[in-house]
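Visitor:
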Amino acid sequence: MALAASILVGVAGVAGVADAQPAATPKVDVGSAVKKLKSGDEAQIRAALDDLRIAGPAAASAASAVAEVLSKGLTEALAQQAIDTLGDLESPDGSAVLAQYATHRTLAIRRAAVKALTRTKGKAAAPALRRALSDPDAQVRGNAASGLGAIKAKDAVPDLFVALDHKVNEAAASIGLLCNAQQCEELAGKLGKLPFDVVTSGLEPVLFRPSSEVTDDTKIKVIGRLRELGTAEANRFLKDVEGRLPKETSPRIRQAVEQAVKATMGGPQ
Amino acid sequence: MSTRTILGSIAFVTFLSASVSACGASGRLRTFSTDWTDDQGASIGAVYDRLRNAEPPPSADLVVSVAEGNKIIGTPLGGGEQWTAMHALDARPVIAGGVVVVSGNKEIAALDAATGKQLWARPTGGMSLLGAGDDGKITAVSLAGAGGSKLLVVGRDGSVKTQIETDKSIGDPAVVGGVVFVPWSHQYVSAIDGATGDEIGRVTLRDKVSRALSIGGTLYFGELAYIRFDEKIRDASKGLASRVAIPQRELPGTPRLLVPGTEKVPPVANARDRDRLFGRPDGTSDPLAVDSNRFYASYYRIVFGFESKRGHLAWVHTHPNDLIGGEAVLGGVLLCDEEGKIVVLDAQTGQVAMEKSIGEPIKSCVVEADTFRAPKPSSSPKSLGQQITEAVTAKEATLATAQRLLLRELATLEDESATKTLIDIASDPRSSPVLVTDARAALATRRNGASHMLAALGKHYDYLKDVLASPPVGPIADALAAMKEPQAAPLLAAHLFDPAITDDDVKRAAAALAVIGTEKELPQLKQFFAMYRGTAPTEEVALAVGSVGEAILRLDSKGGRSLVEAAVNDPMTNSVARARLEALLAATDKGGGDKPPTEKAAPKK
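Going down the list, the protein sequences come from chains P and Z. Basically our numbering = 1-based index in the first sequence + 6. Quick note: the second sequence, position 11, residue 7 per our numbering, numbers continuous.
1. Measuring only between beta-carbons, confirm whether P:LEU154 sits less than 8 Å from chain Z.
2. Less than 6 Å between C-beta atoms, sequence neighbours within five positions excluded: which residues of the same chain meet that for Z:VAL325?
3. Mind listing which residues of the stretch 525 to 538 of chain Z have their C-beta closer than 7 Å to chain P's C-betas, in chain order?
4. Straight-line CA distance for Z:PHE493 to Z:TYR292?
5. Where do the ends of the beta strand (DSSP E) carrying Z:LEU209 lie?
6. I'd like the span of the beta strand (DSSP E) that includes Z:THR80, first residue to last.
7. Indicate whether at least one CB of chain P lies closer than 8 Å to the CB of Z:MET568.
8. What residue range is occupied by the uninterrupted alpha helix (DSSP H) comprising P:LYS41?
9. Please report the straight-line C-alpha distance between Z:LYS372 and Z:ALA56, rounded to a whole angstrom.
10. Rounded to a whole number of angstroms, what is the C-alpha to C-alpha distance between Z:ASP168 and Z:HIS308?
11. Starting from Z:SER99, follow the beta strand (DSSP E) in both directions and report where the run begins and ends.
12. Which of the three DSSP states is assigned to Z:THR408 in this structure?
13. In the DSSP assignment, what residue or residues form a beta bridge with Z:TRP32?
14. DSSP beta-bridge partners for Z:PRO53?
15. Would you say P:GLN27 reaches chain Z, if we count a Cβ-Cβ gap shorter than 8 Å as a contact?
16. Listing by chain order, which chain P residues have their CB less than 7 Å from the CB of Z:PHE493?
17. Hey, how far is the Cα of Z:ALA473 from the Cα of Z:ALA563?
18. Could you tell me whether any Cβ in chain Z is nearer than 8 Å to the Cβ of P:ILE115?
19. In angstroms, rounded to a whole number, what distance separates the CA positions of Z:ASP552 and Z:LEU509?
20. What residues from chain P crowd round Z:GLN523, counting only those whose CB sits closer than 9 Å?
21. What in chain Z is Cβ-close to P:GLY46, meaning under 8 Å?
22. Who are the near neighbours of Z:GLY470 in its chain, counting only those whose CB is closer than 6 Å to its CB and skipping five residues on each side?
23. Classify Z:GLN114 as helix, strand or coil using the three-state DSSP reduction.
24. If I measure Cβ to Cβ from Z:SER603 and keep anything under 6 Å in the same chain, skipping five residues before and after, which residues do I get?
25. What's the C-alpha gap between Z:LYS146 and Z:SER181?
26. Going by CA-CA distance only, name the one from P:GLY62, P:SER77, P:LYS33, P:LEU84 that's closest to P:GLN50.
27. Once you ignore the five residues that flank Z:ASP34 on each side, which residues in its own chain have a CB closer than 6 Å to its CB?
28. Please compile the residues from chain P whose C-beta is within a distance smaller than 8 Å of the C-beta of Z:TYR457.
29. Which whole-angstrom value is the C-beta distance of Z:ASP333 and Z:HIS315, which I expect to be below 8 Å?
30. Run the CB neighbour count on Z:GLU195, radius 10 Å, all protein chains shown included, and call it buried at 16 or more, exposed below.
31. Let me know if Z:GLY20 comes out buried or exposed under the rule of 16 or more other beta-carbons within 10 Å of its beta-carbon.
32. Less than 8 Å between the C-beta atoms of Z:VAL172 and Z:VAL149, yes or no?
33. Grab me the residues of P:VAL103's own chain with a C-beta within less than 6 Å of its C-beta, minus the 5 sequence neighbours each way, in chain order.
34. Is there a Cβ from chain P that is less than 8 Å from the Cβ of Z:LEU395?
35. Using a cut-off of 7 Å between C-beta atoms, extract the partners of Z:LEU518 located in chain P.
36. Which residues in the same chain as P:ALA240 place their Cβ atom closer than 6 Å to its Cβ, once the five residues preceding and following it in sequence are excluded?
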C-alpha cells in the first residue's frame, strides 16, 4: 500500500467494512509519526511507534521511516518496539532491517525480528528466515520454519526438510503448505519415523490444499500412507479430516478417506 | 673380591667391624644405634673397599603380575616360560635377584624367579612385607609391624641367617656379597653382615633414603634420587656422593620416582600406580647420569618421555589402557596395563619397541630389568606435535590434568599443526571446559598457523549442519591481529553478526578489526555500530562498539568522524560505548582516520 506519509489514514474507512466488522482502527497521523521518528528523541520515537502499531498495515507507508530509525540504532527497548511495529505494519519495506536484527545477540530481539519478518515478507525475508533455521535458539528456529510457510517460500522446502530431521517440528506444517507432489510424498514417508502429530501437522494442509496445488493423485498417496499405518491415531486423524472435507472435495478423495477410516478402525494405539 | 670370597671372610668382617671409628663402647657399631657419631665415611669406605669387585649378580629380567584370585604370574622378558603361582597376598610381590618374595597369610615365601616354584616360607607374625634384596645366596627381607621393623636374612634353604628387630623404621634392603644394606630412619644406610648380623659400616646420606637397589650390577641408595655406592660413597655425609636426580619440572599429578621403602605397597594397584615417574641410573657414567638421557612419567594411559638434564618434553605416548606399573629399562621404559599387556617404549622416540601379553587382566605388576634392553623400534616416529595431539584429543576426564600440561607444551612448539590442534580442541564441544580455556589462551599467543586460523574463521555455528560449536573467534582474532593478517578482516566482520559466539569473542574480533579492518568491511562495521551502540547487551559488546568505532574512524575519513560524533551525542548510545568513543574522538584529530594496512606487515610464520 503506497500512501503518502502525510495522508491521514482511517483504516476502517479505507477498508469500507460493514457494520458487522470489529471496531474501527483508530486514525493515525502518519506524517506526524514520521516526524517524531526523525526527532531523535527517545520519548517521541516511542510515542510514534505506539501510534503506528495501533494503525497496523494501514500505516504501512511509515515502514521505511521506522526501518531507517531502527537501522541507525536505538535502545534495546525501542529497538524491540520498532521491530514489533514493522511486523504490525506488514510492509516489505521493513524486511531488510529486520533481516539484520534477526542475527542480533539479544535473543528477545532475534525472536521478535524473525516473527516480524513473517509478516512483512519482502525480498530479504526468505533468506533471513532460512538462515534463522540454523539459529542456536529453538524458538527462533521454530518461528523461522513457520514463517517460511507463511511467506510461501517454496524454495525453502529442502531446508525445511533438513530442519524437520533436526527436530524443528514447525517445519512439517510449512512443508505441507509449500510442497510439490514429490515433496508431499516425501513428507508422508516420514510417517512412522517422526512423531505422528508432527508429520500430520504437515499432511493436514496437504489434504486441504486446492487440487490446483496438490493433485488428487498425490493426496490419495498420502491417504494411502496413513491407511498403511493402521493405527488408532491414524484413524482419529482421518476421521477428523473426513468430517472437515469441503463440499467441493472430489469424490475420489472423499472415497479414499472414507475407506481409510474404515480400514484403520480398531487399529493398535 | 668375588662374592664367594666375601662370604668366606667372616673373620675379616669381624675385624673390620671392630676397627671402625666412632663406634659404641664395645668398639663396634651397634646396629641401628642413634648415638653414632658420623665417621666421615670411614666405615662405609671400608665396606666399599671390601666389596669393590663384588658386583651384585644380575636380577631376573622379569615382570611379576598379580591377577584375580591371588594368582601370581611371572613373565620373563628374555627367554623362558611364563609361570604362575598361587599364594595369599597382603602386599605386592618383590623381585629380588633370583627370587620373588611374596607375603600373605602371615608368612613370606620366596619363589624361584625362573620357575615360580616356592623355595622357602617363613612366618612373619603378621608383619608386613616392605622390601627384599638378594645376592643369589641369601635373601634379606624387611618387615614392618606396629612395634617396629624386622630384618630377616634367609638362606636359599630357608634357614634364617640373621634376624634383627628394631624400633627404627627400616626400608627396602639390598644384598651384595653377603652384606645387607639397610636404609633406615630416612637418612642412614647400614651395612650388615648377612651371616652375623653385625653392622660393619654406616653412611649418613644428605638425601632422603629408604631404598637400597641393585640396578644393572650397581648398588644405589635413595628415594627421591639415586646415590651410587662407589668410591665417593665415603664422602656422602658431606654431600659429595655420586648422585643423580630427576630435574624439577611440572609433571602430571604428583608422581614419585621410587615408592618409599618404608611404605607397605598393596597387592592391587591403586591411584598412585597410575601416576608414576621412572628413571634408571646409568651405572657406568661419571658423573652419574640417567640412562639414555631420559626419564619418564606415566599418567593413566599417557606416558611422557623427558630429556633428563633440563626436563624438556621429548615425546608422548598414548596407550589404549590405563598403565598400572613399570620400570625404566636400558634404552627405554617398560610398562604394563590393566588388561595384561606389556609395552616397551623407546627412550628416544617413545615408539613402541616391544609388546607382550600376560594373557589375562592384571591387578598390579612389578618389574625387574637388570640386563634387558629395549629393542629398537622399526617404524618411524610421529612428530611431537602429532603425539601431543593424539594425547590431548582423547576424550577422558581422568586425563585432563595431563592434557592441560601437554597443551602448554604444544603452545611452545613452532609447528603449524600445533595451532590446528589448539583450534580443534577449542572448537570441539566434547572437549573438557578447562582444556578449552587453556587452548584458547594458548591460541591467542600463536604467531604461526594463520591458514588454519583463517579456515577456522570460515566456520560458523550451524544447527542444521550439525556444527554446534563456534570456532575460537576471540583468540584467533588476537593472534591474526598480532600477525597483521589482512585476510582475516572479512571473516572477523562476518563473525560480528554471529549470535552463537561469545560476547568476549565479539569484543576481541572487533578489537582485531580496529587494527586490520579494511575499507571493504566498512558496511558491516557501520551496521554493527548502529545495531549495538544502543542495544549492546553486555560491557564486552559495548567495548566492541568502541573498537568498531575506532575502525570506522580509521577507515572512513569522510563520514566516520561525524558518525561517531553523532553516536556520542545521542543519549540512546550505551554509556560504556560512549565513553570509549569520546576517548577515541579526543585522541584523534579532525583530519580523518589513518589509512588501513594495505599490505601484510611480514607476519611471523
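Glycine included, every Cβ here is placed at the ideal spot set by N, Cα and C.
Guide: According to the data block:
1. So no, P:LEU154 is outside the interface.
2. ALA365, PHE368, ALA370
3. ALA526, MET527, ARG529, GLY530, THR531, PRO533, VAL537
4. 48 Å
5. 205 to 211
6. 79 to 82
7. yes
8. 36 to 43
9. 21 Å
10. Cα to Cα, the separation comes out at about 31 Å.
11. That run of the beta strand (DSSP E) goes 95 to 100.
12. coil
13. In the DSSP output, where bridge partners are listed per residue, Z:TRP32 has none listed.
14. The partner list for Z:PRO53 (beta bridge, DSSP) is empty, contrary to what the question assumes.
15. Summary for P:GLN27: the model assigns pLDDT 49, below 50, so the residue's position carries little reliability; its value from the coordinates is reported in the next sentence. Judged by the 8 Å Cβ criterion, P:GLN27 is not in contact with chain Z.
16. THR109
17. Cα to Cα, Z:ALA473 sits roughly 26 Å from Z:ALA563.
18. At least one chain Z Cβ lies under 8 Å of P:ILE115.
19. Each residue's CA atom was taken as its position, placing Z:ASP552 and Z:LEU509 some 14 Å apart.
20. SER77, GLN106
21. ASP566
22. The residues are ASP500, ASP501, ARG504.
23. strand
24. With chain Z running from -3 to 601 in the structure shown, residue 603 of chain Z is simply not present.
25. 14 Å
26. P:LEU84
27. THR200, SER233
28. SER140, PRO142
29. Z:ASP333 to Z:HIS315, Cβ: 6 Å. Contact.
30. buried
31. Summary for Z:GLY20: the model assigns pLDDT 43, below 50, so the residue's position carries little reliability; its value from the coordinates is reported in the next sentence. Label assigned to Z:GLY20: exposed.
32. no
33. By the criterion of a C-beta distance shorter than 6 Å, P:VAL103 is surrounded in its chain by ALA73, LEU76, SER77, once the five residues flanking it on both sides are discounted.
34. Put simply, the CB of Z:LEU395 is far from chain P, with every gap to its CB atoms at 8 Å or more.
35. Simply none; closest approach about 15 Å.
36. LEU232, THR270
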